[in-house]
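A.B. asks:
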Ligand code: B12
Ligand code: SF4
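Numbering (this note's numbering), first residue to last: 1 to 476.
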């Protein structure tokens, strides 16, 4: 059978990382890896090359099309499926991935045949088998034995039995990176070129109220064995590795084992990972080993400098742990990208406070500013969903204010824009700690992306107001 896997582009009005980073769609490479021996699999990365889908459909008529999803992809994912249906009217359409799992309601649309929830390397095999043996969407009964999916039945979806999450990721194959061969030179993470993504675990058990990954993993932590990770990392051509875990250091012992193996095999790579400040503070020696192995940058959500506000997020970080972590990172020569929540009553003074804090901590190379975003399915979303100003998912990018603000939104966006301007200047002064590799032509792309974000933030209040007022006119 012919199977087409699609990484959709972000919505046009989405801002943020879409303009600054492109990472391989590891999810589709994993699915491709389990299917490639029995089927013809193609992958289109529309995030990198939006026009590739139309080109592909000219000479590849798929039997099954699968699209992945984050919130910001809801509309573009459906649009991609519509294009496929026009070119291949009998194709079976699937949506899977993060958003399809945490908020499948977003895909209740006639263009979607099946919504796939959660980890899917086994589910996709079962769907393809069923389809091969004659199942189609007009006979929904034929897919009903497959757990962990929702099948369209008329104008609603019917969920099959729950498929429990796996206990480990050890049964998953190595991603088939040959599927993205054409795009690999286009992937970059900020100023890093030659980037590969590796997933060493999924999930996190902390109760942060705004966190979407913990909803996906149902508060569980699912690791992959260090031996398998070593094999994967060893086989990568790319030098810079984006560890795309939610909380890789959840189990320090596992990370210890992995770093010991990397060091003893003398594997020379550089790494980015997410890390909680308390796990850095509690595991200085482990981070020292990772620094030796090439860990260069960690992203940590510091969230708020005010302990009471931090407490409300459910993050469960004790006061002072941020400073301990920052001192350790500085000593080890690891940079931090520090995430701060922008509260709806922020003024210039609050941004100044963050700047003053950052000025005292040279390990902070980058600063990310995030309006508190009620991502669908989260505890926060449940609490405030009747106050949301829009359900338009393009804006669910952690850069838009989705709730009414006390400081006028126009002012907040311009404060964020100016704060990002200062981040850019700071990067030049602090790059010494991070030691970026050689200059590369993709810096031009990044520079353009920065400018795009800069203008987009300046206009964000107008764009969101425009969408909200058209929704009202439509009576939504
Ligand atoms: C790597 C990453 C990125 C990369 C892009 C990766 C890519 N190519 O898509 C970068 C850094 C560019 C990025 C950007 C953004 N990201 Co991001 N990102 C991640 C991260 C850390 C890992 C994703 C990943 O590769 N996982 C590994 C794969 C293997 O797992 P998976 O996708 O879940 O796939 C499995 C199943 O879900 C399923 N599956 C997946 N797709 C499909 C499709 C089909 C058809 C089927 C059947 C099954 C299936 O099969 C897979 C194997 O079992 C996640 C965190 C997370 N836990 O997901 C956040 C996350 C997905 N990102 C998020 C956000 C918000 C963003 C941004 C909007 C942030 C911003 N401020 O700009 C931007 C959007 C721009 C973009 N996508 O380009 C949120 C999304 C929340 C939501 N509800 O939508 C997450 C969950 C992080 C968070 N803290 O909330 N991101
Ligand atoms: S620590 Fe990070 S990954 Fe874990 S629940 Fe909180 S925000 Fe989510």
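For every residue, glycine included, the Cβ atom is placed at its ideal position computed from N, Cα and C.
Quick check: residue 307 and residue 342, are their CB atoms within less than 8 angstroms of each other?
C.D. replies: Going by C-beta atoms, residue 307 is not nearer than 8 angstroms to residue 342.
A.B. asks: Could you give the distance in angstroms between the alpha-carbon of residue 460 and the alpha-carbon of residue 92?
C.D. replies: Roughly 37 angstroms between the two C-alpha positions.
A.B. asks: DSSP beta-bridge partners for residue 270?
C.D. replies: DSSP, once it has assigned bridges, lists 240 as partnering residue 270.
A.B. asks: To the nearest angstrom, report how far apart residue 360 and residue 330 are at their CA atoms.
C.D. replies: So the alpha carbons of these two residues sit roughly 11 angstroms apart.
A.B. asks: From the DSSP output, which residues share a beta bridge with residue 371?
C.D. replies: Bridge partners of residue 371: 342.
A.B. asks: Based on the DSSP output, what are the partners of residue 223 in its beta bridges?
C.D. replies: Paired residues: 201.
A.B. asks: Could you tell me whether any non-hydrogen atom of ligand 1 is closer than 7 angstroms to the CB of residue 477?
C.D. replies: Shown here, the chain extends from 1 to 476; a query on residue 477 therefore has no answer.
A.B. asks: Cα separation between residue 46 and residue 256?
C.D. replies: Their Cα atoms are separated by approximately 37 angstroms.
A.B. asks: So what does DSSP say about residue 212, is it helix, strand or coil?
C.D. replies: Coil at residue 212, not helix or strand.
A.B. asks: Taking the runs of the alpha helix (DSSP H) that are 4 residues or longer, which of them lie wholly in the stretch 369-407?
C.D. replies: If we require 4 residues or more, the alpha helix (DSSP H) runs fully inside the stretch 369-407 come out as 379-384.
A.B. asks: Just verifying my parser: in three-state terms, what is the DSSP assignment at residue 448?
C.D. replies: If DSSP states are grouped into helix, strand and coil, residue 448 belongs with the helices.
A.B. asks: Closest by CA to residue 398, which one among 8, 3, 6 and 18?
C.D. replies: Selected option, being the one with the closest Cα: 18.
A.B. asks: Going by CA-CA distance only, name the one from 71, 53 and 466 that's closest to residue 81.
C.D. replies: Residue 53 is the option with its Cα nearest to residue 81.
A.B. asks: Using alpha carbons as the reference points, say which of 12, 421, 296 and 4 lies closest to residue 128.
C.D. replies: The option with the nearest alpha carbon to residue 128 is 4.
A.B. asks: Give the single residue among 117, 113, 118 and 450 whose Cα lies nearest to the Cα of residue 131.
C.D. replies: Considering only alpha carbons, the answer is 113.
A.B. asks: Using the rule of at least 16 other Cβ atoms within 10 Å of the residue's Cβ for burial, across every protein chain shown, is residue 423 buried or exposed?
C.D. replies: It counts as buried.
A.B. asks: Should residue 56 go down as buried or exposed, given a rule of 16 or more other Cβ atoms within 10 Å for buried?
C.D. replies: Buried, since its Cβ has 16 or more Cβ neighbours within 10 Å.
A.B. asks: Is the beta carbon of residue 234 closer than 8 angstroms to that of residue 267?
C.D. replies: Taking 8 angstroms as the Cβ cut-off, residue 267 and residue 234 qualify as a contacting pair.
A.B. asks: For chain C, find out if any of its Cβ atoms is closer than 8 angstroms to the Cβ of residue 342; answer yes or no.
C.D. replies: The structure shown has no chain C; it contains just one protein chain.
A.B. asks: With DSSP collapsed to three states, give me the class of residue 150.
C.D. replies: Three-state DSSP puts residue 150 in a strand.
A.B. asks: For residue 40, which of helix, strand or coil comes out of DSSP?
C.D. replies: Residue state, collapsed to three classes: strand.
A.B. asks: According to the Cβ coordinates, are residue 192 and residue 240 closer than 8 angstroms?
C.D. replies: In this structure, residue 240 lies closer than 8 angstroms to residue 192 by Cβ.
A.B. asks: Per the contact definition of three or more C-beta pairs closer than 8 angstroms, is the stretch 262-281 in contact with the stretch 307-327?
C.D. replies: The stretch 307-327 is in contact with the stretch 262-281.
A.B. asks: If residue 77 and residue 102 are in contact, beta carbons under 8 angstroms, what's the gap, nearest whole angstrom?
C.D. replies: Wrong, their Cβ atoms sit about 14 angstroms apart, outside the cutoff.
A.B. asks: Within the present structure, is the beta-carbon of residue 452 separated from the nearest heavy atom of ligand 1 by less than 7 angstroms?
C.D. replies: Because no heavy atom of ligand 1 lies under 7 angstroms away, the Cβ of residue 452 does not count as near it: no.
A.B. asks: Could you please give the first and the last residue of the uninterrupted alpha helix (DSSP H) stretch that includes residue 27?
C.D. replies: Looking at the DSSP string, the run of the alpha helix (DSSP H) that includes residue 27 is 26-35.
A.B. asks: Closest to residue 378 by CA distance: which of 416, 290, 98 and 43 is it?
C.D. replies: Cα-wise, what sits closest to residue 378 is 98.
A.B. asks: Would you report the Cα separation of residue 408 and residue 384, rounded to the nearest angstrom?
C.D. replies: Those two C-alpha atoms are separated by around 19 angstroms.
A.B. asks: Please classify residue 157: does DSSP put it in a helix, a strand, or coil?
C.D. replies: DSSP places residue 157 in strand when its eight states are reduced to three.
A.B. asks: Would you tell me roughly how many angstroms separate the C-alpha atoms of residue 262 and residue 252, rounded to the nearest one?
C.D. replies: Going from the Cα of residue 262 to the Cα of residue 252 covers about 15 angstroms.
A.B. asks: Ligand 3 and residue 98: does any heavy atom of the ligand fall closer than 7 angstroms to the residue's C-beta?
C.D. replies: Among the ligands modelled here, namely ligand 1 and ligand 2, ligand 3 does not occur.
A.B. asks: Check whether the Cβ of residue 377 lies closer than 7 angstroms to any heavy atom of ligand 2, and answer yes or no.
C.D. replies: No; taking the cut-off as 7 angstroms, the Cβ of residue 377 has no heavy atom of ligand 2 nearer than that.
A.B. asks: Relative to the alpha-carbon of residue 115, which residue among 156, 89 and 458 has its alpha-carbon at the smallest distance?
C.D. replies: Ranking 156, 89 and 458 by Cα distance to residue 115 puts 156 first.
A.B. asks: Is it the case that the CB of residue 104 approaches a heavy atom of ligand 1 more closely than 7 angstroms?
C.D. replies: No; taking the cut-off as 7 angstroms, the Cβ of residue 104 has no heavy atom of ligand 1 nearer than that.
A.B. asks: With a Cβ-Cβ cutoff of 8 angstroms, do residue 335 and residue 296 count as a contact?
C.D. replies: Result yes, Cβ atoms of residue 335 and residue 296 sit closer than 8 angstroms.
A.B. asks: Assuming residue 182 is part of the alpha helix (DSSP H), what are its boundary residues?
C.D. replies: Element bounds for residue 182: n/a, residue is neither H nor E.
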